[in-house]
């Protein structure tokens, strides 16, 4: 057995306290502790529901990407070796027996690079990153509101109503001292008037020193830490009795602390006098008392009638909402003296009432698995071990403040993660499908071999900017959308890409693809531009499209895409509009871009702005005209939409 005192102030992890009392401070949390392991669960490498479904989507998109890109290779090689590919002067680039192997190798490399550019057009690397960003932001927001998410997948499941929610009311301030009954009133069943100064001093001492709670200052206000009962009693002592804990700690020295079930006793020393204070349930403390102080401070005998009266009062009260805490005191000769079980003197009785919790979301589809109610302060070791084990195994999400209104907040954030992920997927799928088809058609229409110093270079720059950098920016922007009450419930709807999303993105893909092909093939005549100027227009148009598509993707079903938009989103769109100007100026000497005049810039922006009109018009078209044909085509890939979840049915 090791003694811990001023000369040896350190406590070993896992050590059992046999006797004594004190205050410890935790300076760090080791990797082997339960706290560290529980936190580690949050950052588990296990895939969440959204990540699993997104991986299915990525897998099929990857297959489509490589099928499309590899189909370009035999077509281009066949055209090349058949003599149908010509240079800018109209000469055949391959003539059997005349073209050198070096030139043939160079042209084949250019064709392979073009195939690579097509594959780059469909990039799915940002899908999972966007989900992780949404989850991290939601978890941090909930953490600030005293909600602990134990696993990444918990919030996603909460939106589906299959997450275990643990509402911990053990630390909430739902208990108040409604009344103090003096010992004389308990014993004589009448109100004797004011209490003497000496008795009040003993009551203050029994409240302030015999507690597991903590009082501290935050500015000019008092703050209380501890269980609801401890906080309620300390708050009452400070506000109603003007209790000065600092003075008590200066005048009295704690000699010994003893706990018995839910009761607590403490031995104090002051001026060579030993004071024993007990506090606990009234029924328990009353059996330890043989006398009581009347309001003038005179000790009187506590008879059996008084005990019977008190027991009747406790039985008549609502035991589910009321607590009766008794305070008792006696003096002993020295610190080794034993206190007889019936030798205490009753000081008074505190009646505590638990408040009704308001704000319960009865319409919430969350599955609340466990609620810790009442005063789970766990003052004794056995109770603490049980509660720690119970809390560690129950509940995917822990609401620490015990507020039932937080259930609705958890539900909204769970739905928000799904919604933000779907809005980003709608944006990214629009970008990817448009880029893939446009790049493939552009290279297929090209009569010669794509040259590294012209077309291939600016296409690669364009794809890298739109598919990589801009996708990351949009993922952050759409991921910062806050939850709202009008978000549709995701229960019974496990579709990652809904029919409304297919409707919206198909309309955008068709519009953007048609515009891009017209601009590339007829842009010189339409804009009265030179070939180099038209090349610059072809470069900036997809960038402008995706800037406005970012705003369009905010609302999947709502027609007003500007509803609830943040000023930062508008500012970001303005900044992104000016970036193509900088890119054209930067790449002008490298790729051979030509500067555009203000008329050209305005025309490009106006054409891109029309995607908002397309997005609004398409939302008046019933979803079934899009979803039914699409589902018929990809019906064999049901895993894209339906992923089995343990404990749930696969929704059709």
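Residue numbers (our numbering): -13 to 638. C-beta: ideal position from N, C-alpha, C; glycine also.
Straight-line gap, residue 544 to residue 581 (C-alpha atoms, nearest Å): Their backbone Cα atoms lie some 39 Å apart in a straight line.
Measuring straight from C-alpha to C-alpha, what distance separates residue 467 and residue 406? Their Cα atoms are separated by approximately 7 Å.
Beta strand (DSSP E) runs wholly inside the region 171 to 247, at least 3 long, in chain order: Correct list: 200 to 204, 207 to 211, 239 to 246.
Decide if the region 180 to 194 is in contact with the region 215 to 227; the criterion is three or more beta carbon pairs, one per stretch, under 8 Å apart. Under the Cβ criterion (8 Å, minimum of three pairs), the region 180 to 194 counts as touching the region 215 to 227.
Which of helix, strand or coil DSSP assigns to residue 285: Residue 285 falls in the strand class under three-state DSSP.
Go ahead and pull the three-state DSSP assignment for residue 505. DSSP places residue 505 in helix when its eight states are reduced to three.
Which of helix, strand or coil DSSP assigns to residue 318: Reduced to three states, the DSSP call for residue 318 is strand.
Looking at the structure shown, is residue 55 part of a helix, part of a strand, or coil, going by DSSP? Shown here, residue 55 sits in a helix according to DSSP, grouped into three states.
Closest to residue 603 by CA distance: which of 538, 555, 278 is it? Cα-wise, what sits closest to residue 603 is 538.
Excluding the 5 residues flanking residue 239 on each side, which residues of the same chain have their C-beta closer than 6 Å to its C-beta? Cβ within range, chain order: 255.
Go to residue 467, then tell me how far its beta strand (DSSP E) extends in each direction, as first and last residue. Where residue 467 is concerned, there is no enclosing beta strand (DSSP E), given that its DSSP letter is neither H nor E.
What are the partner residues of residue 166, as DSSP defines its beta bridges? Residue 166 pairs with 336.
Nonlocal neighbours in the same chain, by C-beta distance under 6 Å from residue 202, ignoring five residues either side: Here the set comprises 209.
If you follow the beta strand (DSSP E) that residue 260 is in, where does it begin and where does it stop? It spans 259 to 267 - the beta strand (DSSP E) in which residue 260 sits, taken as one unbroken run.
Residue 101 to residue 382 span [Cα, whole Å]: Just so you know, the alpha carbons of residue 101 and residue 382 end up roughly 47 Å apart.
Completely contained alpha helix (DSSP H) runs for the region 80 to 117, where each covers 4 or more residues: Taking 4 residues as the shortest admissible run, the region 80 to 117 contains the following complete alpha helix (DSSP H) segments, listed from N- to C-terminal end: 87 to 106.
Rounding to the nearest angstrom, what Cα-Cα distance links residue 682 and residue 565 in this structure? Shown here, the chain extends from -13 to 638; a query on residue 682 therefore has no answer.
Measuring alpha carbon to alpha carbon, tell me which residue in 332, 109, 542 is nearest residue 491. Looking only at 332, 109, 542, the smallest Cα-Cα distance to residue 491 is reached by 542.
Does the Cβ of residue 126 have 16 or more other Cβ atoms within 10 Å, making it buried, or fewer, making it exposed? Residue 126 is exposed by the Cβ-count criterion.
Please say whether residue 313 and residue 278 have beta carbons closer to each other than 7 Å? No, Cβ-Cβ distance for residue 278 and residue 313 is not below 7 Å.
May I ask you to report which of helix, strand or coil DSSP gives residue -3? Reduced to three states, the DSSP call for residue -3 is coil.
Does DSSP put residue 331 in a helix, in a strand, or in coil? In the structure shown, residue 331 sits in a strand (DSSP, three-state: E or B).
State the DSSP-derived secondary structure class of residue 310, mapped to helix, strand or coil. DSSP, reduced to helix, strand and coil, places residue 310 within a strand of the structure shown.
Going by the beta-carbon positions, is the gap between residue 108 and residue 418 smaller than 7 Å? Yes, they are a contact pair.
Going straight from the alpha carbon of residue 495 to that of residue 129, what length do you get? About 40 Å.
Touch check for the region 66 to 76 and the region 399 to 415: three-plus C-beta pairs under 8 Å? No: the two stretches stay apart, fewer than three of their Cβ pairs being nearer than 8 Å.
Under 7 Å between C-beta atoms of residue 317 and residue 261: Their beta carbons are under 7 Å apart, which means residue 317 touches residue 261 by this criterion.
Taking only the alpha-carbon atoms, compute the straight-line gap between residue 60 and residue 607 and give it to the nearest angstrom. Their Cα atoms are separated by approximately 40 Å.
Would residue 180 pass as a contact of residue 282 if the rule is Cβ separation under 7 Å? Contact flag unset, no.
Less than 7 Å between the beta carbons of residue 337 and residue 164, yes or no? Closer than 7 Å, so yes.
I need the DSSP call for residue 516, collapsed to helix, strand or coil. Coil.
Own chain, CB closer than 7 Å to residue -9, minus 5 neighbours either side, in chain order: No residues qualify anywhere along the chain.
Simplified DSSP assignment, three categories, for residue 11: It is coil, neither helix nor strand.
Leaving out the 5 sequence neighbours to the left and right, which residues in its chain are closer than 8 Å to residue 319 when beta-carbon positions are compared? The residues are 260.
May I ask you to list the residues that DSSP assigns as paired with residue 251? Bridge partners of residue 251: 244, 264.
Grab the span of the beta strand (DSSP E) containing residue 542 for me, first residue to last. Per DSSP, residue 542 is not a residue of any beta strand (DSSP E), being assigned neither H nor E.
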